[in-house]
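2 protein chains.
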Amino acid sequence: MEKAIEELRTKGKAAKEASRHLAYISTEIKNQALYNIADDLLARKDEILAANQKDCQAAEASGMDSAMLDRLMLDESRLEGIAGDVRAVAALPDPVGETFDMRTLSNGLIISRRRVPLGVIGSMYESRPNVTVDISVLCLKSGNAVILRGGKEALNSNSALATVVQDAVTRAGVPEGAVQFIDNTDRELVNHLLKMNDFIDMFIPRGGEGLIRHVIETATMPVVSGGIGVCHTYIDSNADIEKAVPIVFNAKVQRPTVCNALDTVLVHADIAERSLPPMAAELGKAGVEIRCDQRSLAILKSNKSLKLTAATEEDWGKEFLALIAAVKVVDSLDEALEHIRTYGSGHSEAIITENYSAAMRFLDEVDAACVYINASTRFTDGGQFGLGAEVGISTGKMHARGPLGLKELTTYKWIIFGSGQVRE
Amino acid sequence: MEKAIEELRTKGKAAKEASRHLAYISTEIKNQALYNIADDLLARKDEILAANQKDCQAAEASGMDSAMLDRLMLDESRLEGIAGDVRAVAALPDPVGETFDMRTLSNGLIISRRRVPLGVIGSMYESRPNVTVDISVLCLKSGNAVILRGGKEALNSNSALATVVQDAVTRAGVPEGAVQFIDNTDRELVNHLLKMNDFIDMFIPRGGEGLIRHVIETATMPVVSGGIGVCHTYIDSNADIEKAVPIVFNAKVQRPTVCNALDTVLVHADIAERSLPPMAAELGKAGVEIRCDQRSLAILKSNKSLKLTAATEEDWGKEFLALIAAVKVVDSLDEALEHIRTYGSGHSEAIITENYSAAMRFLDEVDAACVYINASTRFTDGGQFGLGAEVGISTGKMHARGPLGLKELTTYKWIIFGSGQVRE
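Taken in sequence, the protein lines are chains A and B.
Per my numbering, numbering of the first sequence is gapless, rising by one per residue and ending at 572.
Per my numbering, numbering of the second sequence is gapless, rising by one per residue and ending at 572.
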């Protein structure tokens, strides 16, 4: 263990050293590094796929379920997809060096804020090996060094991908040490990593609730996290049902396993009898299980083709990540707001309404990363928002909220041009 | 203790409740609250000064030194100063509600970020009672509720000031509970406060290194801190000595007890013999003790009127907060950069040079909240930077760096205007 900790600290130190140079290397070098990665992912596909094969075989032997196995698996077409994403990041504007809030003070000092990288970003993540490439690429483009610690089940894949990335970026002239990969998956070692605030400026956990909670409680450096999305869609009394039904359907069904998928529908009592039956019928066709409060159950129970169950207290505020939705009838916008305040996770919340004042109140009063009027919460995504790509979605309030794109991986420093000024 | 913790949590809950309404009350009400505070500080000066008198007498009896006593003491003219500062904050633009990065996506969604308050800000601070008013006012103006925990030695003063603030803001229509004051100065209770991340969104410690470290290590909510400034001024080989001497003098002498005051002068060897004697002579006139490395000692020792001592390793990276400066001769800009990297605290660093490339390299490579060319580090201050006022100076990289003004006490939420959009 002593030796493993020492190795870990050596990697941390190397990343910190590299980050100093990375902070001001040219956009051209960074982009070249990214294009090299994209090329090499395909040129070196044999070694990557062979490593991935090992992980998949071990996972299968250990009885991993097919959904998880599918997340773990790489093939040529997936590598092409990853390479395409890398090229897309290369094509994004470089956030580093942007200068803003510039002004000349009355004493002649010219002050401004200059956007600079954070330094070293640490990340711990689960299963999908493409995260190794995604996070590396976003960190590099934003001028940050990165320390990666992937899951045990993808160790061979992640290690192969990290090697490809390291070789590709060094060839472009990016300082060696900019991408560090931890190939020791000892759980104890993670706690040492999370205390390395002398080398790591920000930590991004990506994975389930357990992993995220552990990182927040253990880390001594700032953590930007999220991913847990308990998302509500509120159907106001003045909602257009023609909009409400497809929005709810899309938010729940289009990709139920992700954090911006709908969990709970709140329906105003005045529109419940008209809106719930067609909405439930649509959800039912997609196999969605509906957990109803008493009032919605009374409205829906005559439709025998639906999978209905009575909701329990635990269903409110639950992130289902599956084809399950909770439904509750409320008597007012106030009650809906109160429910969201109590059970929401600050991720994405929507109102469906044709009433202007209700829409504006919802925007004002809902405290979440993303607040929608008449749209599906599924849009909460760096790509959809035009940020190009994201390392995750923050449900915290500090530093950055919602999708974390390139700009959100930076900070600023004040730069002051003087000509001999002293303070009176 | 049980009861004290319960009371603490009641205050936390009340602040959280108040913060919901504070988030969207009008600028007019917030400004009226601030003008009320300014008026009442003067109208109720007798009770404030009587409370302060108690603190000062107790402090004197306990043998508090005169500098500390002076910081604790209030009189009518100081109250007028505080009231003036409050009115200045009222006159600043309201950061809340500003909408930025608005764009219309190809699917017709209109997305933007809207600036919103953080929610509830906790603060723990030492001695100066004006901090009670300063922090309250900045938090209120930026739409945040606040929980204040001042030092034991200023308990009566802080309590009186907090009462005046609470009465004044409630009269203006600010939700009751927006300003919470903790009058129990039990040290154990602070640790409970620092774990109240269910009610407090951000914590700002203001005080000495011990207090700040304790808060960072204990708090479960994000902490924005700083205040510790180990500030260097580097005299490059091409420096204009006519600028260098007054800048160093100002940075060290104008107010030596604050975080942006100079601690160490680094001098390029090529200019050391010409620049150090006049600089040391000026510093010497103000009674500054100079802790010299061997080479600067050799240059200066002939001037018998100077207070010179040999620097020890501990003098590098030390925040003196007194009329003491360390001086070191370096052989290159690289050596200066390396010294700052090793010993700086990421606060404020300056280069004095007429060489353009050296200036630009210093700006690029120094990783600090504020980087100066040819100016005194004493300018690092919200007021000086045109932010109007500040709750502190952050030396961290996340969320905000340097002076924390009104905007830095806010976050944003994404607001999305749709017309029925669903994700493909």
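Just so you know, even glycine gets a beta-carbon here, dropped at the ideal spot from N, CA and C.
Note that the structure is predicted; figures quoted are calculated from it, not measured.
Query - Contact the stretch 502-516 of chain B vs the stretch 538-557 of chain A: 3+ CB pairs below 8 Å - result: Touching, no.
Query raised in the report: Going along the stretch 387-398 of chain B in order, which residues come within less than 8 Å of chain A, judged by CB to CB distance?
Result: Within the stretch 387-398 of chain B, the qualifying residues are ASP388, GLU390, LYS391, PRO394, ILE395, PHE397 and ASN398.
Exercise. Tell me the DSSP bridge mates of GLU328 of chain B?
Worked result: Working through the second sequence from its first residue, we reach residue 328 of chain B at position 180. Correcting the residue type first, residue 328 of chain B is Gln in the shown sequence and not Glu. Bridge partners of GLN328 of chain B according to DSSP: B:ILE295.
Cβ-based burial, THR247 of chain B [other Cβ within 10 Å; buried from 16]: For this step, residue 247 of chain B is matched to residue 99 along the second sequence. Exposed, because fewer than 16 other Cβ atoms sit within 10 Å of the Cβ of THR247 of chain B.
Cα-Cα separation between ILE153 of chain B and ASP334 of chain B, rounded to whole angstroms:
For this step, residue 153 of chain B is matched to residue 5 along the second sequence. For this step, residue 334 of chain B is matched to residue 186 along the second sequence. ILE153 of chain B and ASP334 of chain B have their C-alpha atoms some 11 Å from each other.
Limits of the beta strand (DSSP E) - the one that VAL268 of chain B falls within: Along the second sequence, read from residue 1 onward, the residue named residue 268 of chain B stands at position 120. In the DSSP annotation of this structure, the continuous segment of the beta strand (DSSP E) that includes VAL268 of chain B starts and ends at 268-273.
Sequence-distant residues of its chain with Cβ nearer than 8 Å to GLY435 of chain A (five each side left out): As a first step, residue 435 of chain A is located in the first sequence; it is residue number 287 there, counting from the start. For GLY435 of chain A, where only same-chain residues beyond five positions count, the Cβ hits under 8 Å are LYS455 and LEU471.
Quiz item: Considering only C-alpha positions, which residue in the set A:PRO353, A:VAL415, A:LYS202 and A:THR158 is nearest to THR280 of chain A?
Solution: On the first sequence, position 132 is the one that residue 280 of chain A refers to. The option with the nearest alpha carbon to THR280 of chain A is A:PRO353.
Are the C-beta of GLN442 of chain A and some C-beta of chain B separated by less than 7 Å? On the first sequence, residue 442 of chain A is found 294 positions in, with the first residue counted as 1. Among the CB atoms of chain B, none fall inside 7 Å of the CB of GLN442 of chain A.
- Beta carbon of SER275 of chain A nearer than 7 Å to that of GLY245 of chain A: The count along the first sequence starts at 1 and reaches residue 275 of chain A at position 127. The count along the first sequence starts at 1 and reaches residue 245 of chain A at position 97. GLY245 of chain A is positioned such that its CB atom lies no closer than 7 Å to that of SER275 of chain A.
**Message:** Contact criterion: CB-CB distance below 7 Å. Does ILE173 of chain B meet it with respect to chain A?
**Reply:** Within the second sequence, the letter at position 25 stands for residue 173 of chain B. False, the Cβ-Cβ gap to chain A never drops below 7 Å.
Counting C-beta neighbours from all protein chains within 10 Å, is the total for PRO277 of chain B 16 or more, i.e. buried, or is it exposed? Here residue 277 of chain B refers to the residue found at position 129 when the second sequence is read from its first residue. It counts as buried.
Closer than 7 Å to chain A by CB, TRP464 of chain B: The residue labelled residue 464 of chain B in the question sits at position 316 within the second sequence. Taking 7 Å as the threshold, the shortest C-beta distance from TRP464 of chain B to chain A does not fall below it.
Beta-carbon contacts of ILE330 of chain A that lie in its chain and below 6 Å, excluding the five residues immediately before and after: Along the first sequence, read from residue 1 onward, the residue named residue 330 of chain A stands at position 182. Within the same chain, ILE330 of chain A has close Cβ partners ARG297.
**Request:** Taking ALA171 of chain B as the reference, give the member of B:ARG263, B:ALA186, B:THR405 and B:THR252 with the closest Cα.
**Result:** Start at 1 with the first residue of the second sequence, and residue 171 of chain B comes out as number 23. Nearest C-alpha to ALA171 of chain B among B:ARG263, B:ALA186, B:THR405 and B:THR252: B:ARG263.
Return the chain-ordered list of same chain residues with a C-beta closer than 7 Å to the C-beta of LEU222 of chain A, the five sequence neighbours on each side being excluded.
-> Within the first sequence, numbered from 1, the residue matching residue 222 of chain A stands at position 74. For LEU222 of chain A, where only same-chain residues beyond five positions count, the Cβ hits under 7 Å are ILE196, LEU197, ASN200, PRO277 and SER305.
* Starting from ARG262 of chain B, trace the alpha helix (DSSP H) both ways and give me its first and last residue. => As a first step, residue 262 of chain B must be located in the second sequence, where it is residue number 114. Run containing ARG262 of chain B: none in the alpha helix (DSSP H); it sits in the beta strand (DSSP E), 258-265.
| Taking SER260 of chain B as the reference, which of A:ILE564, A:GLY534 and A:SER567 has the closest Cα? | For the purposes of this step, residue 260 of chain B is taken as the residue at position 112 of the second sequence. Measuring from the Cα of SER260 of chain B, the nearest candidate turns out to be A:GLY534.
Notebook entry, point to check: From which residue to which residue does the beta strand (DSSP E) around GLU437 of chain B run?
Noted result: Taking the second sequence and counting its residues from 1, the one referred to as residue 437 of chain B is at position 289. Element bounds for GLU437 of chain B: 437-440.
Cutoff 6 Å; reference ALA186 of chain B; Cβ partners in own chain excluding five residues on either side
In the second sequence, residue 186 of chain B corresponds to position 38, counting from 1. The residues are ALA231, VAL234 and ARG235.
Practice task
Would you check if the distance between the CB atom of GLY536 of chain A and the CB atom of PRO551 of chain A is smaller than 7 Å?
Solution key: As a first step, residue 536 of chain A is located in the first sequence; it is residue number 388 there, counting from the start. As a first step, residue 551 of chain A is located in the first sequence; it is residue number 403 there, counting from the start. No. Outside cutoff.
With 16 other CB atoms within 10 Å as the buried threshold, where does ARG439 of chain A fall?
-> For the purposes of this step, residue 439 of chain A is identified with residue 291 of the first sequence, where counting begins at 1. Sixteen is the threshold: when 16 or more other Cβ atoms of the shown chains lie within 10 Å of the Cβ of ARG439 of chain A, as they do, the residue is buried.
Q. Where LEU288 of chain B and GLU538 of chain B are concerned, what is the direct C-alpha to C-alpha distance, given to the nearest angstrom?
A. For the purposes of this step, residue 288 of chain B is taken as the residue at position 140 of the second sequence. For the purposes of this step, residue 538 of chain B is taken as the residue at position 390 of the second sequence. In a straight line, the C-alpha of LEU288 of chain B is about 13 Å away from that of GLU538 of chain B.
- Can you give me, in chain order, the residues of the stretch 540-554 of chain B that have a beta carbon less than 9 Å from any beta carbon in chain A? Residues GLY544, LYS545, MET546, HIS547, ALA548, ARG549, GLY550 and PRO551.
Q) For ALA498 of chain B, which beta-bridge partners are listed by DSSP? A) One-based indexing of the second sequence puts residue 498 of chain B at position 350. ALA498 of chain B has B:THR381 and B:TYR520 as its beta-bridge partners, per DSSP.
(Q) Distance cutoff 7 Å, beta carbons only. Does ILE447 of chain B sit that close to anything in chain A? (A) Stepping through the second sequence from its first residue, residue 447 of chain B is reached at position 299. Closer than 7 Å: no.
Sequence ranges, beta strand (DSSP E) only - wholly within the stretch 505-567 of chain B, length at least 3:
The DSSP assignment places complete beta strand (DSSP E) segments of no fewer than 3 residues inside the stretch 505-567 of chain B at 518-523, in order along the chain.
> When the Cα atoms are used, what is the spatial distance from HIS340 of chain B to GLN328 of chain B?
Replying inline: Within the second sequence, numbered from 1, the residue matching residue 340 of chain B stands at position 192. Within the second sequence, numbered from 1, the residue matching residue 328 of chain B stands at position 180. Cα to Cα, HIS340 of chain B sits roughly 15 Å from GLN328 of chain B.
Curious, which full-length alpha helix (DSSP H) runs of at least 4 residues does the stretch 349-416 of chain A contain?
Within the stretch 349-416 of chain A, the runs of alpha helix (DSSP H) at least 4 residues long that lie entirely inside it are, in chain order, 357-366 and 389-401.
*asked:* Please report whether the beta-carbon of LEU190 of chain A lies at a distance below 7 Å from any beta-carbon of chain B.
replied: Position 42 of the first sequence, counting from 1, holds the residue named residue 190 of chain A. Contact with chain B is absent for LEU190 of chain A, since none of that chain's Cβ atoms lies less than 7 Å from the residue's Cβ.
Proximal residues of chain A, C-beta to C-beta of VAL534 of chain B below 7 Å: Against the second sequence, residue 534 of chain B aligns to sequence position 386. Per the sequence shown, the amino acid found at residue 534 of chain B is Gly instead of Val. What GLY534 of chain B touches in chain A: ARG251 and LEU253.
Classify THR460 of chain A: buried if its beta carbon has 16 or more other beta carbons within 10 angstroms, exposed otherwise. Locating residue 460 of chain A in the first sequence gives position 312, counting from the first residue. It is exposed - the Cβ of THR460 of chain A has fewer than 16 other Cβ atoms within 10 Å.
Nearest residue (CA-CA) to SER453 of chain B, options B:GLY465, B:GLU430, B:GLU467 and B:VAL475
Here residue 453 of chain B refers to the residue found at position 305 of the second sequence. Here the closest residue by C-alpha is B:GLU430.
- Message: Please report whether the beta-carbon of THR559 of chain B lies at a distance below 7 Å from any beta-carbon of chain D.
- Response: Included in the structure are the protein chains A and B, with no chain D among them.
Below-7 Å beta-carbon distance, ASP512 of chain B vs any chain A residue:
Locating residue 512 of chain B in the second sequence gives position 364, where the first residue counts as 1. At a cut-off of 7 Å between beta-carbon atoms, ASP512 of chain B makes contact with chain A.
Checklist line | Separation of SER373 of chain B from GLY494 of chain B, as counted between CA atoms | finding: In the second sequence, the residue the question calls residue 494 of chain B occupies position 346. In the second sequence, the residue the question calls residue 373 of chain B occupies position 225. Per the coordinates, the alpha-carbon of GLY494 of chain B lies some 12 Å from the alpha-carbon of SER373 of chain B.
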